[in-house]
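Protein chains in written order, with the working numbering: chain Z, 1 to 217; chain G, 1001 to 1217. Okay, so here's the structure we're looking at.
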DNA sequence: GTACAATGTTAGACGAGACTAACAAAATAA
DNA sequence: TTATTTTGTTAGTCTCGTCTAACATTGTAC
């Protein structure tokens, strides 16, 4: 249906969209590391295919069709990541690049099988929601750990950032999705939290706690 | 290192090679379903890269370097097929197309992991040998079932042909690699064999028994 | 409110990998 | 051995996705 290249543009448009669903050519260009004129001409092509709304000098917006296609690509990406972690034993920080390639495979059966083997998951190993087969996303409302109060006990549910370094940081601190966190104290000066989990108490900087999304209990 | 396109040419050259390692432009063109002039220009390109020996109006031959690269691609293909069958529960007839795509992924870790999870197999689900990590192939000598004699008991080890229809035929007859076959009788007129396996006796035509490779016991 | 900076657009080029049309060589048949 | 068919090659074109250079518009600062 779409080329890997087109799929990458759609995915980037989707993830870069602000509240109004707008993305600038410049942002897209930086994200994809592709020069602006190239991005520009691709946007015209995607506009011809009714995937984006394009008007010269205006921000870009995905059409409904574009959003759906993008969500389906994201779905494949996240299912793949999850499969690699859960079924093949890769670490969080290793899976992104592999998933970026596998997401473009033309084989519905392959993704269906992964979904099945994973038990139809709703959230990926990074805690991000996985769009369903029709491209719908169930957005769950999580709080930042940094916004929680002393004495609360919460469960690590997602991370906002999936940089290699951050994922390695999580691994090295034995922080995993589902880990129960008990907030023992908060340093009011810099927001550093003393958090107890796995029967140990550790310090988490504000920089880290802002990237951790939690749910109650 | 090489583009998916180049890899496909290398793989085709490898599998089409006759005893002398020769392949004609025409054969390659038919196999890949790509017109001869395109194949021709790609051969010049691969010759520049020292992957094939090319002289005008002469048959093509892979260089040692070309053979090694081709074997490594074949290795990825077969490891993938095996993984899909053994670990994901796909049927033999479903895996070829998926493996054709996955074999081109740029991720040594991914193939290493599959190899590991599969226990470093030497033969793929079709019974074909899997080249090792350095591109070497251990050729095992199998006999055709059609050449066996009445009373022999042999083990199905490989198939010579992986067409969809043939793989479905095997499935529908509960024939799998490793199945023990006891040859009860052979019809001398047309070579049809009565073979006992899985506690049932079935008739196998000569057309089928010529495609089945077996080993002793 | 003009000047400068940042962002967006147009035009033209290029390499990869496909094609067709036309021609050349080799193999085969008469 | 000549004619015909098959196979191989050359030349030129096309699309895709990238680029650079040049120009246009919008936003920002003074």
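The beta carbon of each residue, even a glycine, is placed where N, CA and C say it ideally should be. Keep in mind that this is a model prediction, so the values were computed, not measured.
The C-beta of residue 171(Z) has fewer than 16 other C-beta atoms within 10 Å across all chains shown, which makes the residue exposed. Per DSSP, the continuous beta strand (DSSP E) segment holding residue 1186(G) begins and ends at 1180 to 1186.
Using a C-beta cut-off of 8 Å, the segment 116 to 126 of chain Z makes contact with the segment 71 to 83 of chain Z, since at least three inter-stretch Cβ pairs fall below that distance.
If you compare the alpha carbons of 68(Z), 51(Z) and 141(Z) with that of residue 61(Z), the shortest gap goes to 51(Z). For the segment 92 to 110 of chain Z, the set of positions with a beta-carbon nearer than 8 Å to some beta-carbon of chain G reads 94, 97, 98, 101, 102, 105, 106, 107, 109 and 110 in chain order. Below the 8 Å Cβ cutoff, chain G contributes 1088, 1089 and 1090 as neighbours of residue 113(Z), in chain order. Counted as a single uninterrupted DSSP element, the beta strand (DSSP E) harbouring residue 1193(G) occupies residues 1193 to 1197. Taking a beta-carbon distance threshold of 8 Å, residue 117(Z) counts as an interface residue toward chain G.
If you check the CB distance, residue 1016(G) and residue 1031(G) come in under 8 Å. For residue 143(Z), the closest C-alpha among the options 156(Z), 137(Z) and 133(Z) is that of 156(Z). According to the DSSP secondary-structure assignment, residue 212(Z) is paired through a beta bridge with 159(Z). Residue 37(Z) carries a helical assignment under DSSP once its states are collapsed to helix, strand and coil.
Taking the Cα of residue 73(Z) as reference, the smallest distance to any Cα among 107(Z), 180(Z), 175(Z) and 28(Z) is reached at 107(Z). In the displayed model, residue 144(Z) falls within a strand according to three-state DSSP. For residue 175(Z), there is no enclosing beta strand (DSSP E), as DSSP marks it with neither H nor E.
Here residue 64(Z) has no same chain residue with a Cβ atom under 8 Å from its own Cβ, once five neighbours each way along the sequence are excluded. Counting only residues of its own chain and dropping the five nearest sequence neighbours on each side, residue 1037(G) has no CB closer than 7 Å to any other CB.
Here residue 11(Z) has 70, 73 and 74 as same chain residues with Cβ atoms under 7 Å from its own Cβ, once five neighbours each way along the sequence are excluded.
Distance check between residue 140(Z) and each of 90(Z), 158(Z) and 84(Z) places 158(Z) closest, using alpha-carbon atoms only. Taking each of 131(Z), 56(Z), 120(Z) and 94(Z) in turn and checking the Cα distance to residue 166(Z), the smallest one comes out for 94(Z). Between the C-alpha atoms of residue 212(Z) and residue 196(Z) there is a straight-line separation of about 15 Å. Excluding the 5 residues flanking it on each side, residue 1201(G) has same chain C-beta neighbours closer than 8 Å at 1184, 1194 and 1195, in chain order. Put simply, the backbone Cα of residue 42(Z) is about 20 Å away from that of residue 101(Z). In its chain, beyond the 5 residues on either side, 104 have a beta carbon closer than 8 Å to the beta carbon of residue 4(Z).
Residue 1150(G) holds the alpha-carbon nearest to the alpha-carbon of residue 1192(G) among 1150(G), 1049(G) and 1055(G).
Residue 133(Z) counts as exposed, since fewer than 16 other C-beta atoms from the protein chains shown sit within 10 angstroms of its C-beta.
Considered as a whole, the segment 1065 to 1120 of chain G harbours 1092 to 1102 and 1108 to 1117 as its complete alpha helix (DSSP H) runs of no fewer than 4 residues, in chain order. Put simply, of 189(Z), 153(Z), 152(Z) and 199(Z) the residue whose alpha carbon is nearest the alpha carbon of residue 173(Z) is 199(Z). For residue 214(Z), the closest of 9(Z), 182(Z) and 154(Z) by C-alpha to C-alpha distance is 154(Z).
Here DSSP, grouped into helix, strand and coil, assigns residue 4(Z) to helix. For residue 1114(G) and residue 88(Z), the gap between their C-alpha atoms comes out near 8 Å. Residue 153(Z) has 182(Z) as its beta-bridge partners, per DSSP.
Contact annotation: residue 205(Z) and residue 145(Z) have beta-carbon atoms that are not nearer than 8 Å. As computed with DSSP, residue 1019(G) is found in no beta bridge at all.
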